[in-house]
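K.L.:
Handing you a structure now.
Protein chains: 2
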Amino acid sequence: MNIVLLSGGSGRRLWPLSNDIRSKQFIKIFETADGGYESMVQRVYRQIKTVDAGASITIATSKTQVSAIHNQLGDGVGISVEPCRRDTFPAIALATAYLHDVQKIGEDEPVVVCPVDPYVEDDYFQMLKRLSEQAESGEANLVLMGIEPTYPSEKYGYILPESTQPISSVHTFREKPDAETAKGYIARGALWNGGVFAYRLGYVLRKARELLGSCDYDDLFDRYEALPKISFDYAVAEAEPKIQVLRFGGQWKDLGTWNTLTEAMSTPTIGEAMLSSSCENVHVVNELNVPIVCMGLRDVVVSASPEGILVSDKELSSGIKPMVDAIRQQIMFAEKSWGSFRVLDVGADSLTIKVTLRPGHAMNYHSHEKRDEIWNVISGEGIVTVDGMVQPVTVGDVITMQAGCRHTVEAITELQLIEVQLGKDISVHDKQKYALEG
Amino acid sequence: MNIVLLSGGSGRRLWPLSNDIRSKQFIKIFETADGGYESMVQRVYRQIKTVDAGASITIATSKTQVSAIHNQLGDGVGISVEPCRRDTFPAIALATAYLHDVQKIGEDEPVVVCPVDPYVEDDYFQMLKRLSEQAESGEANLVLMGIEPTYPSEKYGYILPESTQPISSVHTFREKPDAETAKGYIARGALWNGGVFAYRLGYVLRKARELLGSCDYDDLFDRYEALPKISFDYAVAEAEPKIQVLRFGGQWKDLGTWNTLTEAMSTPTIGEAMLSSSCENVHVVNELNVPIVCMGLRDVVVSASPEGILVSDKELSSGIKPMVDAIRQQIMFAEKSWGSFRVLDVGADSLTIKVTLRPGHAMNYHSHEKRDEIWNVISGEGIVTVDGMVQPVTVGDVITMQAGCRHTVEAITELQLIEVQLGKDISVHDKQKYALEG
Numbered sequence: 001m002n003i004v005l006l007s008g009g010s011g012r013r014l015w016p017l018s019n020d021i022r023s024k025q026f027i028k029i030f031e032t033a034d035g036g037y038e039s040m041v042q043r044v045y046r047q048i049k050t051v052d053a054g055a056s057i058t059i060a061t062s063k064t065q066v067s068a069i070h071n072q073l074g075d076g077v078g079i080s081v082e083p084c085r086r087d088t089f090p091a092i093a094l095a096t097a098y099l100h101d102v103q104k105i106g107e108d109e110p111v112v113v114c115p116v117d118p119y120v121e122d123d124y125f126q127m128l129k130r131l132s133e134q135a136e137s138g139e140a141n142l143v144l145m146g147i148e149p150t151y152p153s154e155k156y157g158y159i160l161p162e163s164t165q166p167i168s169s170v171h172t173f174r175e176k177p178d179a180e181t182a183k184g185y186i187a188r189g190a191l192w193n194g195g196v197f198a199y200r201l202g203y204v205l206r207k208a209r210e211l212l213g214s215c216d217y218d219d220l221f222d223r224y225e226a227l228p229k230i231s232f233d234y235a236v237a238e239a240e241p242k243i244q245v246l247r248f249g250g251q252w253k254d255l256g257t258w259n260t261l262t263e264a265m266s267t268p269t270i271g272e273a274m275l276s277s278s279c280e281n282v283h284v285v286n287e288l289n290v291p292i293v294c295m296g297l298r299d300v301v302v303s304a305s306p307e308g309i310l311v312s313d314k315e316l317s318s319g320i321k322p323m324v325d326a327i328r329q330q331i332m333f334a335e336k337s338w339g340s341f342r343v344l345d346v347g348a349d350s351l352t353i354k355v356t357l358r359p360g361h362a363m364n365y366h367s368h369e370k371r372d373e374i375w376n377v378i379s380g381e382g383i384v385t386v387d388g389m390v391q392p393v394t395v396g397d398v399i400t401m402q403a404g405c406r407h408t409v410e411a412i413t414e415l416q417l418i419e420v421q422l423g424k425d426i427s428v429h430d431k432q433k434y435a436l437e438g
Numbered sequence: 001m002n003i004v005l006l007s008g009g010s011g012r013r014l015w016p017l018s019n020d021i022r023s024k025q026f027i028k029i030f031e032t033a034d035g036g037y038e039s040m041v042q043r044v045y046r047q048i049k050t051v052d053a054g055a056s057i058t059i060a061t062s063k064t065q066v067s068a069i070h071n072q073l074g075d076g077v078g079i080s081v082e083p084c085r086r087d088t089f090p091a092i093a094l095a096t097a098y099l100h101d102v103q104k105i106g107e108d109e110p111v112v113v114c115p116v117d118p119y120v121e122d123d124y125f126q127m128l129k130r131l132s133e134q135a136e137s138g139e140a141n142l143v144l145m146g147i148e149p150t151y152p153s154e155k156y157g158y159i160l161p162e163s164t165q166p167i168s169s170v171h172t173f174r175e176k177p178d179a180e181t182a183k184g185y186i187a188r189g190a191l192w193n194g195g196v197f198a199y200r201l202g203y204v205l206r207k208a209r210e211l212l213g214s215c216d217y218d219d220l221f222d223r224y225e226a227l228p229k230i231s232f233d234y235a236v237a238e239a240e241p242k243i244q245v246l247r248f249g250g251q252w253k254d255l256g257t258w259n260t261l262t263e264a265m266s267t268p269t270i271g272e273a274m275l276s277s278s279c280e281n282v283h284v285v286n287e288l289n290v291p292i293v294c295m296g297l298r299d300v301v302v303s304a305s306p307e308g309i310l311v312s313d314k315e316l317s318s319g320i321k322p323m324v325d326a327i328r329q330q331i332m333f334a335e336k337s338w339g340s341f342r343v344l345d346v347g348a349d350s351l352t353i354k355v356t357l358r359p360g361h362a363m364n365y366h367s368h369e370k371r372d373e374i375w376n377v378i379s380g381e382g383i384v385t386v387d388g389m390v391q392p393v394t395v396g397d398v399i400t401m402q403a404g405c406r407h408t409v410e411a412i413t414e415l416q417l418i419e420v421q422l423g424k425d426i427s428v429h430d431k432q433k434y435a436l437e438g
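Chains as they are written, first to last, in the working numbering: chain P, 1 to 438; chain G, 1 to 438.
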């Protein structure tokens with residue numbers, strides 16, 4: 001099975017764990033068999049591999065997520081990087097061209113497209129295989145998954161099938177309705193449109209040529225910013241007469257709010273937390289290294305990260321966006337291609353961060369105009385380059401770098417540094433990159 | 001007026017702001033006229049000075065609070081340091097001997113004793129003056145303040161006066177009763193015993209000689225650990241026939257729990273916090289530098305400090321002790337005689353802290369057996385001594401110190417350091433102190 005996972009943008013609906021640079025699909029919230037935790041991306045990736053060990057998985061996403069994907073899934077996963085955010089049709093066209101031109105997948109081979117973050121069981125991925133097989137059969141140009149509704153939701157679009165058979169032609173699509181209208185749809189056998197579908201690769205290449213003027217990967221990539229913002233549903237699905245829907249009746253959840261996310265937690269707390277016996281329906285997700293104590297709460301979610309602390313009634317937590325949109329703050333934690341950093345202290349003219357580099361990885365060779373930096377190595381071994389001078393470093397070594405000096409560090413083993421930045425107007429934008437000499 | 005403020009022990013009932021080394025009276029929670037915040041100790045000190053600018057204030061406390069007292073009240077305040085914790089009679093005897101032997105106060109002068117943390121208005125301190133004057137008159141050996149009860153509390157002892165006059169002889173004392181018994185006391189005109197009283201200095205010196213075998217300050221200090229653990233009420237007040245009570249009907253609150261403490265806050269939030277309009281009766285005290293967002297909560301207190309995060313129903317917050325007693329953790333913040341430190345990062349074999357030194361202050365000259373240290377100066381100017389070598393330091397300077405090397409730093413201006421500690425089994429107990437040479 002060739003599968004394209006659409007990894008959507010960042011958002012603040014799960015603040016403080018998600019923010020401008022960290023998306024909800026990377027939050028490690030699901031307990032694994034070995035007692036650790038995995039993210040939605042990791043869970044879905046593992047589930048696909050369980051159902052189809054040979055599946056070829058490609059993630060369609062923006063540049064900002066590449067580091068997090070490699071950190072969580074390793075370097076083996078295929079990534080189709082969108083140079084900027086367009087709508088779903090350009091993203092799917094680019095990913096399909098990537099499969100064809102880069103991964104050399106044939107035009108007759110089926111491709112399944114699916115969001116990266118459904119909270120589902122293995123039967124969902126079995127259904128993806130059937131979707132793939134149905135697309136390969138050529139009975140229709142496009143095969144959708146229709147999810148049997150469990151309530152008249154206003155959050156999803158609806159698919160009206162011709163029949164109630166497991167496989168049916170699509171009669172028509174309906175936009176997100178109000179609850180009353182949704183009830184009527186459901187009475188007529190409508191299904192939720194979960195944004196999951198399959199096609200033979202050549203079909204979307206033809207659509208790309210027709211609608212975007214090209215199906216060449218490099219060309220689409222180069223012109224990406226100029227491509228029209230159109231959705232796959234609007235541009236392709238709703239205009240396609242040869243279209244089928246496969247009915248799915250298994251568990252399917254969209255974990256987009258704290259309320260739905262905490263329902264999926266197998267334990268009431270993740271991280272250091274204590275709940276008194278007087279707490280009812282309370283969930284805590286704590287990424288800080290100090291304890292959270294909860295007493296006498298009911299239907300509340302508490303979440304703490306280096307970005308901040310949320311304490312909310314679960315139902316009302318979906319209204320978080322306007323509140324956190326008012327917060328303008330320093331990014332306190334970020335995953336990078338080489339590892340991660342966390343802000344420890346913000347001074348008037350200083351910033352202290354903890355840097356963790358993955359073995360074998362290095363920062364860009366770079367300099368800063370307006371700040372000096374000091375590295376204090378607290379664990380691991382690595383190789384530092386400062387203005388072309390190369391030297392090995394280990395625990396206890398201190399490297400001082402004046403503003404303007406070019407520097408990088410490569411980790412041999414996992415390497416941790418306390419980096420002290422000193423200067424006025426310290427900013428992440430004050431960075432000049434260079435090719436490493438020699 | 002000579003006043004002795006009893007500054008009680010540390011406790012965890014206001015965790016995470018109070019803990020084993022930080023007492024509630026030092027939490028800065030009361031808004032001042034200039035928009036800043038002051039602690040209970042600072043508020044009481046300021047109130048006394050407002051009522052009696054010439055008041056001589058002595059704080060009776062343990063060694064662990066001396067730094068915090070100097071940091072908050074300056075170096076001018078008198079402190080009677082208890083070498084260890086005994087009960088109130090040894091503490092009051094020692095403080096009284098301190099007033100006599102160290103501060104040279106005469107035996108006929110009145111002394112008022114009062115807890116350091118009542119939440120009261122200026123009329124309370126006017127009453128302390130009257131208590132002092134009444135003691136000076138010599139009508140009785142001991143003059144108590146009796147607080148008019150507002151409800152049949154089980155938390156306080158009761159004083160039964162002979163009459164309902166503003167000044168009356170004491171008929172008898174009653175231990176903390178149950179609510180039903182308390183109702184009966186109140187019907188008979190009983191008053192709460194708030195632990196406030198006045199006497200002529202010589203009176204307690206005589207009691208000390210009688211009960212502790214000495215009234216000499218140095219002698220009491222040296223033998224302090226061997227003194228009996230007896231309360232002033234039991235040892236003195238309840239045995240004294242010449243005793244009066246002055247009735248106080250003003251506002252008097254004991255801010256010992258989060259519930260009562262938040263009642264005294266003039267704003268719902270201190271520190272970075274956002275409350276949604278759906279919050280009712282919610283208070284936030286945030287000492288961290290990241291925002292707390294609250295949504296849809298009712299009757300809840302949220303408090304965050306470097307030690308941890310509390311989210312509690314206000315009524316139930318009084319049951320916090322057993323919960324936080326189960327927490328065994330690194331002290332994350334502490335006030336020292338020279339300033340303060342805060343833990344920024346706890347690694348496997350490293351600890352990173354931020355050190356702030358007050359101008360003119362220095363650490364002890366010391367060394368560590370099992371760890372190296374690195375100082376990164378991030379603001380201010382100072383003088384570092386390492387193994388006898390003295391050098392000035394300023395922003396950007398880095399000092400590395402191997403295990404065993406003797407070191408200290410003195411602040412010229414306020415000085416901030418990032419201190420990186422490296423070694424196995426890092427502990428605050430690994431410290432050897434030395435006299436500074438030269």
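Every residue, glycine too, gets a C-beta built ideally from N, C-alpha and C.
Does any residue of chain G have a CB that is nearer than 8 Å to the CB of Val4(P)?
P.N.:
no
K.L.:
Could you work out which residues of chain A lie near Ser350(P), taking near to mean beta carbons separated by less than 7 Å?
P.N.:
Absent here is chain A; the protein component of the structure consists of chains P and G.
K.L.:
Start and end of the alpha helix (DSSP H) containing Lys129(G)?
P.N.:
122 to 137
K.L.:
Can you have a look at Asn281(P) and say buried or exposed, based on whether 16 or more other CB atoms are within 10 angstroms of its CB?
P.N.:
Note on Asn281(P): under 16 other CB atoms within 10 angstroms of its CB, so exposed under the neighbour-count rule.
K.L.:
Identify which residue in Glu369(G), Arg342(G), Thr164(G), Asp349(G) has its Cα closest to the Cα of Thr356(G).
P.N.:
Arg342(G)
K.L.:
Using DSSP bridges, identify the partner residues of Ala304(P).
P.N.:
Asn286(P), Ile309(P)
K.L.:
What are the start and end residues of the beta strand (DSSP E) that includes Trp252(P)?
P.N.:
Trp252(P) -> beta strand (DSSP E) spans 252 to 254.
K.L.:
Output, in sequence order along the chain, the residues in the region 50 to 66 of chain G whose CB is closer than 8 Å to any CB in chain P.
P.N.:
none
K.L.:
Please determine if the region 266 to 275 of chain G and the region 238 to 258 of chain G are in contact, where contact requires at least 3 C-beta pairs separated by less than 8 Å.
P.N.:
no
K.L.:
Can you give, in chain order, each stretch of the alpha helix (DSSP H) that sits fully within the region 171 to 196 of chain P and has at least 4 residues?
P.N.:
Listed in chain order, the complete alpha helix (DSSP H) runs (minimum 4 residues) inside the region 171 to 196 of chain P are 179 to 187.
K.L.:
I need the DSSP call for Pro322(P), collapsed to helix, strand or coil.
P.N.:
helix
K.L.:
How long is the line joining the alpha carbons of Ala239(G) and Pro161(G), rounded to whole angstroms?
P.N.:
Going by the C-alpha atoms only, they are around 15 Å apart.
K.L.:
Since Ser312(P) meets chain G, which of its residues come closer than 9 Å, beta carbon to beta carbon?
P.N.:
Those are Ser276, Val293, Cys294, Met295, Gly296, Leu297, listed as they occur along chain G.
K.L.:
According to DSSP, which residues form a beta bridge with Pro115(G)?
P.N.:
Leu6(G)
K.L.:
Go to Leu160(G), then tell me how far its beta strand (DSSP E) extends in each direction, as first and last residue.
P.N.:
157 to 161
K.L.:
At a Cβ cut of 9 Å, what residues of the region 192 to 216 of chain P count as close to chain G, listed as they run along the chain?
P.N.:
none
K.L.:
Closer than 8 Å by C-beta to His366(P): which residues in its own chain qualify, once you throw out the five before and the five after it? Chain order, please.
P.N.:
Arg406, His407, Thr408, Lys431, Gln432, Lys433, Tyr434
K.L.:
Using CA atoms only, rank isn't needed, just tell me which of Glu180(P), Arg371(P), Ile412(P) is closest to Asp425(P).
P.N.:
Arg371(P)
K.L.:
Between which residues of its own chain and Asp117(P) is the CB-CB distance below 6 Å, once the five residues before and five after are set aside?
P.N.:
Gln25, Met40
K.L.:
Hey, quick one: how far does the alpha helix (DSSP H) through Tyr45(G) stretch, first residue to last?
P.N.:
40 to 51 is the span of the alpha helix (DSSP H), which, as asked, contains Tyr45(G).
K.L.:
Smallest Cα separation from Ile230(P): which of Tyr217(P), Asp218(P), Gln244(P), Lys207(P)?
P.N.:
Selected option, being the one with the closest Cα: Lys207(P).
K.L.:
Name the residue from Ala55(P), Lys155(P), Arg358(P), Asp108(P) whose alpha carbon lies nearest to the alpha carbon of Ala179(P).
P.N.:
Of the candidates Ala55(P), Lys155(P), Arg358(P), Asp108(P), the one whose C-alpha sits nearest the C-alpha of Ala179(P) is Lys155(P).
K.L.:
Could you list which residues in chain G have their beta carbon closer than 7 Å to that of Leu344(P), in chain order?
P.N.:
Neighbours of Leu344(P) across chain G, judged by C-beta separation under 7 Å: Leu344, Asp345, Thr352.
K.L.:
Report, in whole angstroms, the separation of the C-beta atoms of Ser67(P) and Lys336(P), which I expect to be a contact under 8 Å.
P.N.:
5 Å
K.L.:
What number of angstroms, rounded off, separates the C-alpha of Met440(P) from the C-alpha of Gly382(G)?
P.N.:
One cannot answer for residue 440(P) here, as it falls past the ends of chain P, which runs 1 to 438.
K.L.:
Is it true that the CB of Ile374(P) sits closer than 8 Å to the CB of Thr413(P)?
P.N.:
No Cβ-Cβ contact shorter than 8 Å links Thr413(P) with Ile374(P).
K.L.:
Of all the options Arg223(P), Ser303(P), Leu205(P), which has the alpha carbon lying nearest to the alpha carbon of Cys215(P)?
P.N.:
Leu205(P)
K.L.:
Helix, strand or coil for Leu426(G) per DSSP?
P.N.:
A quick correction: the sequence has Ile, not Leu, at residue 426(G). DSSP places Ile426(G) in coil when its eight states are reduced to three.
K.L.:
Using beta carbons (cut-off 8 Å, strictly below), is Val409(P) in contact with chain G?
P.N.:
no
K.L.:
Among residues of its own chain, excluding the 5 on either side of Phe232(G), which ones have a beta-carbon nearer than 7 Å to its beta-carbon?
P.N.:
Thr88, Phe89, Ile92
K.L.:
Should Ala33(P) and Gln134(P) be called a contact, given that it needs their Cβ atoms to be closer than 8 Å?
P.N.:
Taking 8 Å as the Cβ cut-off, Ala33(P) and Gln134(P) do not qualify as a contacting pair.
K.L.:
State yes or no: is the C-beta of Ile69(P) within less than 8 Å of the C-beta of Ile57(P)?
P.N.:
Cβ distance not < 8 Å, so Ile69(P) and Ile57(P) don't count as in contact.
K.L.:
State the Cα-Cα distance for the pair Lys183(G) and Gln72(G), rounded to the nearest angstrom.
P.N.:
41 Å
K.L.:
The beta strand (DSSP E) that contains Arg247(P), what's its start and end?
P.N.:
It spans 243 to 248 - the beta strand (DSSP E) in which Arg247(P) sits, taken as one unbroken run.
K.L.:
Go through its chain and collect everything with a Cβ distance to Glu307(G)'s Cβ below 6 Å, but skip five positions before and after it.
P.N.:
Pro16, Asn19, Met332
K.L.:
Beta-carbon within less than 7 Å of Ser350(P)'s beta-carbon, same chain only, minus the 5 sequence neighbours each way: which residues are those?
P.N.:
By the criterion of a C-beta distance shorter than 7 Å, Ser350(P) is surrounded in its chain by Val420, Gln421, Leu422, once the five residues flanking it on both sides are discounted.
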